[in-house]
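> Taking numbering that gives the first Met the number 0, the leading residue of the sequence shown gets 0, the next gets one more, and so forth.
Just so you know, even glycine gets a beta-carbon here, dropped at the ideal spot from N, CA and C.
Next up is a structure, given as C-alpha cells.
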Amino acid sequence: MGDVLPLFPLANVLFPEMLMPLHVFEPRYRLLVQRCLEEKTPFGIVLIQGGEETEPGAVPHRVGTEAEIVAHAPLGDGRSLITVRGGRRFEIEQVVPDEEPYLIGRVRYLEDPPEGQIRPLAEAVADAYADYLVGVAAATGDLRRDVATVDELRDGSPCDVSFRVAAGLAIEDDERQTLLAAASARERLVREREILSRESALLSEMLIRMRARGEGPVLH
C-alpha cells in the first residue's frame with residue numbers, strides 16, 4: 000500500500016528543492032491548502048496531461064513532486080498567495096475514490112538509483128548551462144538570470160545539478176515533465192546535455208540574424 004497525497008494539478012512542473020509561487024483561488028484548492036496548513040502536511044503538484052486547471056476532470060501525469068508550503072499570505076476573501084518548495088518525486092499508483100472536492104492519489108515515492116561515476120557529466124552539464132544563460136542574456140537582454148549560481152551547481156550532487164538545470168531551462172512543459180520522470184540522474188543529465196546543445200545552437204542562430212539586421216537586445 001502506498002502513501003496517500005492530495006493532488007493539485009497545474010499547467011506547470013515543480014522540481015525537487017525548487018520554489019514555486021501559487022495564487023490559490025478555487026474553493027477546492029483553498030480547502031486543500033487550509034488542511035495542509037492545519038495538519039502541517041504536504042500536497043502533490045502534477046502537470047496536467049488533459050483538460051484545464053479549472054476543470055474538475057483535469058487528468059494529471061503519473062509523476063509529480065511533493066510540495067511543502069513555506070510561505071502563506073491570505074488575501075482576506077478566501078484566496079491566498081503561497082510559496083511551495085519541491086520535495087520528493089512520486090508516481091501516482093491510483094486515484095483514490097473520495098468525497099473530497101480535490102483529487103487524492105495513492106502514490107509511490109521515487110528515488111534516483113546510486114549515481115556512480117557521473118560527476119564529470121554533471122560538471123559538463125553545469126558548464127553548458129552557464130553558456131546557455133549567457134546566450135539567453137545576449138539574445139534577450141535579460142541579465143537577471145543568476146549565472147553565479149553555476150559555481151554552486153558544480154559543487155552540488157549530480158542529482159541536484161540535474162534538477163536545478165531542469166528547472167532553469169526555458170522549454171515546453173512536456174519536455175520538463177520528461178526530465179522530472181527520468182529514472183535516474185544520469186538519464187536526466189544526458190537528456191539535458193542534448194537540450195542545452197540544441198537550445199544554445201538556436202540562440203546562436205538568433206543572435207546571428209539579429210546582428211545581420213542591425214538589431215540588439217534592450218538590456219534591463
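(1) Along the chain, where does the alpha helix (DSSP H) containing P157 start, and where does it finish?
(2) To the nearest angstrom, how far is it from the Cα of E16 to the Cα of M209?
(3) For the alpha helix (DSSP H) holding Q33, just list the boundary residues, first then last.
(4) Using three-state DSSP, classify R212 as helix, strand or coil.
(5) In angstroms with no decimal places, state the Cα-to-Cα distance between S79 and M19.
(6) Based on the DSSP output, what are the partners of M19 in its beta bridges?
(7) In three-state terms, what does DSSP make of Q176?
(8) Taking the beta carbon of A121 as the centre, do at least 16 other beta carbons fall within 10 Å, making it buried, or is it exposed?
(9) Roughly how many angstroms separate the alpha carbons of A169 and Y131, rounded to a whole number?
(10) Taking the straight line between their C-alpha atoms, what separation do you get for L13 and A66?
(11) So, with DSSP's three-state summary, where would you put P100?
(12) According to DSSP, is R194 helix, strand or coil?
(13) Count Cβ pairs between the segment 96 to 105 and the segment 155 to 175 that sit closer than 8 angstroms; are there 3 or more?
(14) Tell me the DSSP bridge mates of Y131?
(15) Out of D159, R29 and G77, which has the shortest C-alpha to C-alpha gap to A184?
(16) If we ignore side chains and look at the alpha-carbon of each, how far apart do D111 and G213 end up?
(17) Which term fits Y108, buried or exposed, when burial requires 16 or more other beta carbons within 10 angstroms of its beta carbon?
(18) Compute the beta-carbon to beta-carbon distance between V45 and P8, rounded to the nearest angstrom, for a pair I have assumed lies under 8 angstroms.
(19) Report the rounded CA-to-CA distance for Q93 versus L195, giving the unit in angstroms.
(20) How long is the line joining the alpha carbons of R84 and I68, rounded to whole angstroms?
(21) My assumption, with CB atoms under 8 angstroms, is that V58 sits in contact with Q48. Please give the rounded CB distance.
(22) Given this structure, state the Cα-to-Cα distance separating A127 from H60, to the nearest angstrom.
(23) Which residue from S156, G75, S203 and P41 puts its Cα closest to that of Q116?
To lay it out plainly:
(1) P157 to G167
(2) The alpha-carbon atoms of E16 and M209 are separated by roughly 36 angstroms.
(3) P26 to E38
(4) The three-state reading of DSSP puts R212 in coil, since its state is none of H, G, I, E or B.
(5) 14 angstroms
(6) M19 is bridged to V83.
(7) helix
(8) buried
(9) About 10 angstroms.
(10) Straight-line Cα distance between these residues: approximately 8 angstroms.
(11) coil
(12) Residue 194 is actually Ile in this sequence, not Arg. Of the three classes helix, strand and coil, the one that applies to I194 here is helix, per DSSP.
(13) no
(14) Y131 pairs with nothing; no bridge assigned.
(15) D159
(16) 48 angstroms
(17) exposed
(18) 5 angstroms
(19) Here the alpha carbons of L195 and Q93 stand approximately 35 angstroms from one another.
(20) Near 7 angstroms, if we compare the C-alpha coordinates of I68 and R84.
(21) 5 angstroms
(22) 29 angstroms
(23) S156
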